[in-house]
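Residue numbers (this note's numbering), protein chains in the order written: chain A, 1 to 226; chain B, 1001 to 1226.
Following: one structure in structure tokens, then a few remarks.
Below you can see the structure in the form of structure tokens.
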């Protein structure tokens, strides 16, 4: 079985890792080797990771001798390599496909805007922080949320690229889950909440849910007023 | 001809626009409608753009009624839709394909690290700038340049994903061209210089060269000491 020749090094509560894990589940690649590493203990900078991934980042992924570490690259590689296995994640129709790619890459901006708020103190050293910058990042996230709320209300299906679950959902769902984990108001963003509720119990997503989230909420609700 | 039903709104000297234009050339889609807009005059926020692209960004691209604006999405869409037209941009072999996707997405980090230095004053309001932050960004770019210099010396071909030109080159070449435009030392980065020299006269790249670059160097050589 192909899954036996795969190894994923990952961290709990990382959107990029989660994307890779959802894709592996969707392509019926359960049974791949995997190892949970700790960001807190800096294990993503360990030799084990650096041997495969010079960036010292998670996910780190190997299929046989083939290395693919970037989460979007893992998704596209798996779909291409296991096209007829599990769920088809890139729609055939050119219009749906165009929409899927469009949303998939807008998803990078969505994730970046989320990170610029919830990871602000993590990315910006203390002496360089400015309330004005954090405020601008929050305003940017609000505009971004408005776009996605609009996409979901005007869309022609429940998923991001129409009537079927696709790679757009694989890569964007973790961002949406993070938003609610960090306290986003379901009342203010009803379409995003609906989307979250629709997908959170999907088998691929449930099976890959960040384990430390199951232990309870610990995060500060940084987004409750957004 | 398909190109006649395509419209690209673009700006000169934008890496994302350039990516789309190289892909269009490689797929033999010359003759597409296009309009050069001015970032200085804020034309990327004009109604003409906003009607197609709510983000008010360039490139903005339409094929018939199908909208695809994100540069990576345009590249993947064109390759999928015109697979057998022009040059094949995604290799068939799984290993080469994996490497291509890997480099393609690392290319986003490369571009971001470049931008964090050359656009620092543009992105960060005056009262929020810190020498320590710009220094860190420069250090990050140096590390990043080391990675790519290494990829090019260890690679099994002249291109980023091996022996053939691929989407990885389409999306990363503009970043490399920007590096040298902003004064990167060819002596310190010989492999990148070699790669730049190999590709700069390729027809797809020459045909889409940023027009205002042809008028002469105006940029400050912000990268000359990197």
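Positions of the beta carbon are idealized from the N, C-alpha and C atoms, including for glycine.
- By the Cβ-count criterion, residue 103 of chain A is buried, with 16 or more other Cβ atoms from all chains shown falling within 10 Å of its own Cβ.
- Take the alpha-carbon of residue 21 of chain A and the one of residue 112 of chain A: they are about 20 Å apart.
- Among the residues facing chain B, residue 94 of chain A is included, as its CB has a counterpart in that chain under 8 Å away.
- Here residue 1034 of chain B carries a strand assignment [DSSP, helix/strand/coil].
- Contiguous beta strand (DSSP E) elements confined to the stretch 1055-1119 of chain B occur at 1060-1063, taking only those with 3 or more residues.
- Residue nearest to residue 1138 of chain B within the set B:1126, B:1052, B:1179, B:1070 is B:1179 (criterion: CA-CA distance).
- By the CB criterion at 8 Å, residue 1114 of chain B and residue 1141 of chain B fall inside the cutoff.
- Residue 1207 of chain B is a Cβ neighbour of residue 1025 of chain B, given a cutoff of 8 Å.
- Counting only Cβ-Cβ distances below 7 Å, residue 1098 of chain B has contacts in chain A at 66, 68, 77, in chain order.
- Remark: C-beta atoms of residue 1027 of chain B and residue 1107 of chain B do not approach each other more closely than 8 Å.
- Among the CB atoms of chain A, none fall inside 8 Å of the CB of residue 1110 of chain B.
- Between residue 1100 of chain B and residue 1094 of chain B, the gap from beta carbon to beta carbon reaches 8 Å or more.
- Residue-level contact check: residue 1047 of chain B does not touch chain A, since none of the beta carbons of chain A fall below 8 Å from its beta carbon.
- Ranked by how close their Cα comes to the Cα of residue 1196 of chain B, the residues B:1174, B:1037, B:1079, B:1144 have B:1174 in first place.
- DSSP places residue 8 of chain A in the uninterrupted beta strand (DSSP E) bounded by 6-11.
- Interface criterion met: the Cβ of residue 102 of chain A is under 8 Å from a Cβ in chain B.
- Less than 8 Å divides the Cβ of residue 1155 of chain B from the Cβ of residue 1162 of chain B.
- Between residue 9 of chain A and residue 54 of chain A, the gap from beta carbon to beta carbon reaches 8 Å or more.
- Each of B:1189, B:1002, B:1128 was checked against the Cα of residue 1143 of chain B, and the nearest Cα belongs to B:1189.
- At least one CB of chain B lies nearer than 8 Å to the CB of residue 73 of chain A.
- With a cutoff of 8 Å on beta-carbon distance, residue 1074 of chain B and residue 1067 of chain B are scored as not near each other.
- Judged by beta-carbon spacing, residue 19 of chain A lies beyond the 8 Å limit of residue 84 of chain A, meaning their Cβ atoms are not closer than that value.
- For residue 1159 of chain B, the three-state secondary structure derived from DSSP is strand.
- The criterion of a C-beta distance shorter than 8 Å is satisfied by residue 1198 of chain B and residue 1158 of chain B.
- Secondary structure note for residue 206 of chain A: its alpha helix (DSSP H) is the uninterrupted segment 203-207.
- Nearest CB-CB separation between residue 133 of chain A and chain B: below the 8 Å threshold.
- Contacts with chain A at 8 Å (Cβ-Cβ) do not include residue 1059 of chain B.
- Sequence-distant Cβ neighbours of residue 1168 of chain B in its own chain, meaning closer than 6 Å and more than five residues away, are 1100, 1103, 1104, 1160, 1161.
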